[in-house]
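Asker:
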Amino acid sequence: MAKTIIMPHSVKIKRRLHISRKLSILTTFSTLVLAFGVSGIFFAMIGLNPLDVYSYMVGVYTSPTLLLKALERAIPIGLAALGLSIAFRMNFWNIGAEGQMYMGMFASTGIVLLHAYYDLIPDYLVLLLMILASFVTGGLWCGLPAFLKAKMRVNEILTTLMMNYVAMYFVDFLIYGPWRDPKGYGFPLSIPFPEYAKLTMIFGEFAYSGLLLLCIAVALAVVILRYTKLGFELKIVGEGIDIARYAGIRITKVITLGGILSGGIAGLGGLAIVSGIIGRLRPRASPGYGYTAIIVILLSALNPWLVVPVSIFFGGIFVAGDILQATLKIPGAAVEMHQALIFLFIVVGEFLKRYKITITREVVR
Amino acid sequence: MSIEWIEQVLQLTVQMGTVYLLASLGEIYAERSGVLNLGLEGMMLMGAATSFMFTLAYGHLSAILTSIIVGALMGLILSILVVDMKLNQVVVGLAMTMLGAGLSGFFTFPEVRKNLLLRLNPSLPEEVLLIQQAQKLPEIQIPLLSNIPVIGKMFFSHNLLVYFSFILSIAMWFILFKTRIGLTIRSVGENPSMADSLGVNVYMVRRMTVILSGVFASLAGAYFFIGFHPFWREGVTAGRGFIALALVILATWSPMRAILGAYLFGGVETFQYRLQLFGLGAQSPYFLAMLPYILTIMTLIIISTESIKKRIGAPASLGIPYAREE
């Protein structure tokens, strides 16, 4: 349209063609600072000195024991986020990491019980089978919506979200019913896992073995995304299903496989919770790690390497929440509020990164 | 199972269903105009928390009015982010849910709540400041009609918001399908660029429907708290916002079908608790709790088949931000 429009003093929002790395890092940091600032206002509103709160938060990352705790929490968050890095790459909006983690917990506990109740599995195979089972079960839990999306274009946002609740109630059913520890005084807990079914068996401390697991998963995600045919095809599907179809890619196969990988890695996150952090299964074992993972992967800009530090940062926020609750009597919901603010500011930051807002005196086109 | 038992179950079914009905009505409008509001749960929690605080401070009327204002504000924020800034609706919606959960938990935490209540109304007596429950909305029995056996209690013995939601859903169905305003909203959701070229202000329509969905979600939360279950705890709505989201799909974006779906979900949930009381099937509550989600997934699959999609499929531009091409 070759029209000439003259508008004095107009605000123009223009898409940036190139986003420099400097701008990107700068925006991310300022959004984090802003989020802390706004939380600070809320803390001040309830009569606390925000600086006190911040110093407790920073304290988590400087104390070795607390940092280890943060690292423990970071493992399930990071694994779920890595799973999402694959799904989001192919523009598959998997918000079901939470449910996929619950399925991972279900599968790994199932293996332990098969071993403990029926003696079907030798000791040395238990952990290996738990890893496999949680990957496969989590994978299938995401593979189904992926298949439905590929085959019939069923909206994956809604199916993955709904399946979170199905998985959560399924685990509730098991743990309040047939899987309850007969010697557990009626508490909704499974039997405690034997030592060889715990991830701590490798280095003694779960934080270390977990970090190893996380790093292996990062390497796996990088290799799949960068160096395999599937990774390449995933990216093209992400550009648009029609484009991918013209390129001769078998859409159903690629999306379903991508979904299985994505859910499978999140399923390992479930394994990390029961076999690493808790050591048994209990209901509602994840305090929303699957949703935190969405923030983590967006903040990492889908880059698997960045997932490790970013999820340690978020693990620290969870730990800080516990400490603030105990010391300053700050409500536990502060963690959620703080996360949500970071989340919102990151998203707005993305907008500011992508667009340039200029005020011009005259626009001639 | 006596008559009274059946009457009570039916009454609770409608009262429970009203939570879902109110929340889904606004969401239907937002989705019909092309915007997915995933922040429903957070907005409900904000409504519930607001109604809790204001019922304690100034009574029911102030509670309902303030929760409407809070809902409108949440809707306004969401609309700025997804309509004007064109940010991803899924991400922003989840962030809003988290924010609502966080803020509502934060400001109702006993220590915090005490100070806030004193600031709202300094003349409140000491014992009100820390109680975990509020007064329930009074039930209004319609004379004669509420005495009809079996169905009398189901339809004619509720608080005002229940009657209001029922009338409102019929009115909102009428507006959506029989008036020009409704046609405009639906055209914006189906083909925004076409609507734009016909002179419709797409952004304004979407802003309004998103704010409306915030108002209804918050009102649903307020109803849930002061009209149904006035005992506060953190995260009191317990994922019901997502059930309401599911209901919108089950009702295939029609306020009329939402009435049926809402009472179906309400019935399922009522049964869940009643069966537990009877000790019938200790395992069944968990499977009943899954039912709304499973039904929704099945509905999603059915409406995605080609032949049905044409008649009652999702609004074509649902979830896609509209950017005007210049």
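Protein chains in written order, with our numbering: chain X, 1 to 365; chain V, 1 to 326.
Just so it is clear, CB atoms sit at the ideal spot from N, CA and C, and this is done for glycine as well.
Check for me: the alpha helix (DSSP H) holding N115/V runs from which residue to which?
Answerer: Note, N115/V: alpha helix (DSSP H), 110–120.
Asker: Helix, strand or coil: how does DSSP classify F147/X here?
Answerer: Of the three classes helix, strand and coil, the one that applies to F147/X here is helix, per DSSP.
Asker: If distances are taken between C-alpha atoms only, which option among E195/X, R21/X, I157/X, N303/X comes closest to I277/X?
Answerer: The candidate whose alpha carbon is nearest that of I277/X is E195/X.
Asker: Does any C-beta atom of chain V lie closer than 9 Å to the C-beta of G177/X?
Answerer: Closer than 9 Å to some Cβ of chain V, the Cβ of G177/X qualifies, so yes.
Asker: Shortest alpha-carbon distance to L12/V belongs to which of L295/V, S304/V, Y273/V?
Answerer: Among L295/V, S304/V, Y273/V, the Cα nearest to that of L12/V belongs to Y273/V.
Asker: Going along chain X, which residues have a C-beta under 8 Å from F155/V?
Answerer: Here the premise fails: no neighbours, minimum Cβ distance about 30 Å.
Asker: Can you give the Cα-Cα distance for T4/X and E325/V, rounded to whole angstroms?
Answerer: Reliability of the predicted coordinates at T4/X is poor, the pLDDT of 48 falling under 50, and the value obtained from them is presented with this limitation in mind. In a straight line, the C-alpha of T4/X is about 15 Å away from that of E325/V.
Asker: Listing by chain order, which chain X residues have their CB less than 8 Å from the CB of L129/V?
Answerer: Going along chain X, no residue has its Cβ under 8 Å from L129/V, so there is no contact; the nearest lies around 14 Å.
Asker: Could you name the residues of chain V that A334/X contacts, counting a contact when the two beta carbons are closer than 9 Å?
Answerer: Simply G102, G105, F106, F109.
Asker: Taking 9 Å as the threshold (C-beta atoms), are A244/V and M74/V in contact?
Answerer: Contact flag unset, no.
Asker: For the alpha helix (DSSP H) containing G259/X, list its first residue and its last residue.
Answerer: Where G259/X is concerned, the enclosing alpha helix (DSSP H) stretches over 251–271.
Asker: 9 Å is my cut-off, CB to CB: does L37/V come that close to chain X?
Answerer: It is Asn, not Leu, that sits at residue 37/V in the sequence shown. No, N37/V does not count as interfacial toward chain X.
Asker: Please confirm whether G83/X and N91/X have their CB atoms less than 9 Å apart.
Answerer: No. Outside cutoff.
Asker: Which chain V residues are close to D172/X, counting only those with a beta carbon under 7 Å from its beta carbon?
Answerer: Here the neighbours are Y286.
Asker: Might you give, ordered along the chain, the residues of its own chain that have their beta carbon closer than 7 Å to the beta carbon of I255/X, omitting 5 neighbours on each side?
Answerer: For I255/X, where only same-chain residues beyond five positions count, the Cβ hits under 7 Å are M90, F92, A146, K149, A150, V237.
Asker: To the nearest angstrom, how far is the alpha carbon of M45/X from that of H229/V?
Answerer: For M45/X and H229/V, the distance between alpha carbons rounds to 29 Å.
Asker: In chain order, what residues of the same chain have a beta carbon less than 7 Å from the beta carbon of A320/X, not counting five sequence neighbours either side?
Answerer: Around A320/X: Y56, M57, V60.
Asker: Suppose contacts are defined by Cβ-Cβ distances below 9 Å. Is G241/V in contact with E41/V by that definition?
Answerer: Yes; because the gap between Cβ atoms is below 9 Å, this pair is in contact.
Asker: Apart from the five residues just before and just after D123/X, which ones in its own chain have a Cβ nearer than 7 Å to its Cβ?
Answerer: Contacts found: Y196.
Asker: Output needed in chain order: residues of the region 155–166 of chain X with a Cβ under 8 Å from some Cβ in chain V.
Answerer: Going along the region 155–166 of chain X in chain order, one finds N155, I157, L158, T159, L161, M162, M163, Y165, V166 with a Cβ nearer than 8 Å to chain V.
Asker: CA-CA distance, A207/X and S286/X?
Answerer: If you take the alpha carbons of A207/X and S286/X, they lie about 17 Å apart.
Asker: Taking only the alpha-carbon atoms, compute the straight-line gap between R170/V and A220/V and give it to the nearest angstrom.
Answerer: Here residue 170/V is Ile; the residue named in the question, Arg, does not match the sequence. Computed Cα separation, rounded: 17 Å.
Asker: With a cut-off of 8 Å on the beta carbons, I'd call L99/V and M53/V a contact; round off their distance for me.
Answerer: At roughly 17 Å, the Cβ-Cβ gap does not stay under 8 Å, so L99/V and M53/V are not in contact.
Asker: Could you pull out every residue in the same chain whose Cβ sits closer than 8 Å to the Cβ of L114/X, ignoring the five residues on either side in sequence?
Answerer: Excluding residues within five positions, the ones whose Cβ falls inside 8 Å are L120, I121.
Asker: Should K86/V be flagged as near chain X, meaning a C-beta pair shorter than 9 Å?
Answerer: At least one chain X Cβ lies under 9 Å of K86/V.
Asker: Distance, Cα to Cα, V307/X vs V296/X?
Answerer: Roughly 7 Å between the two C-alpha positions.
Asker: Grab the span of the alpha helix (DSSP H) containing L160/V for me, first residue to last.
Answerer: Residues 160–178.
Asker: Distance check for S317/V and I6/X, CA to CA, integer angstroms please.
Answerer: For I6/X, the predicted structure reports a pLDDT of 48, less than 50, and the residue's modelled location is therefore unreliable. A value from the coordinates is still provided. Going from the Cα of I6/X to the Cα of S317/V covers about 32 Å.
Asker: Hey, out of T209/V, R207/V, M154/V, T184/V, whose CA is closest to S197/V's CA?
Answerer: Closest option to S197/V, Cα to Cα, is T184/V.
Asker: When DSSP labels each residue in this structure, what does G92/X get in the three-state scheme?
Answerer: The amino acid occupying residue 92/X in the given sequence is Phe; Gly does not appear at that position. Reduced to three states, the DSSP call for F92/X is coil.
Asker: When the Cα atoms are used, what is the spatial distance from A217/X to K253/X?
Answerer: Taking the straight line from one Cα to the other gives about 22 Å.
Asker: Below 9 Å between beta carbons: does that hold for L137/V and T97/V?
Answerer: It is not a contact, given that the beta carbons lie outside the stated cut-off.
Asker: Check whether chain X comes within 9 Å of S304/V, counting only Cβ atoms and requiring the distance to be less than that.
Answerer: Closer than 9 Å to some Cβ of chain X, the Cβ of S304/V qualifies, so yes.
Asker: Please confirm whether G221/V has its beta-carbon closer than 9 Å to some beta-carbon of chain X.
Answerer: For G221/V, the answer is no, since every Cβ of chain X falls outside 9 Å of its Cβ.
Asker: List the residues that DSSP assigns as beta-bridge partners of K22/X.
Answerer: Paired residue(s): none; K22/X is not in a bridge.
Asker: Taking the alpha-carbon of G288/X as reference, which of L230/X, F314/X, N303/X has the nearest alpha-carbon?
Answerer: Checking every option, the nearest Cα to that of G288/X belongs to F314/X.
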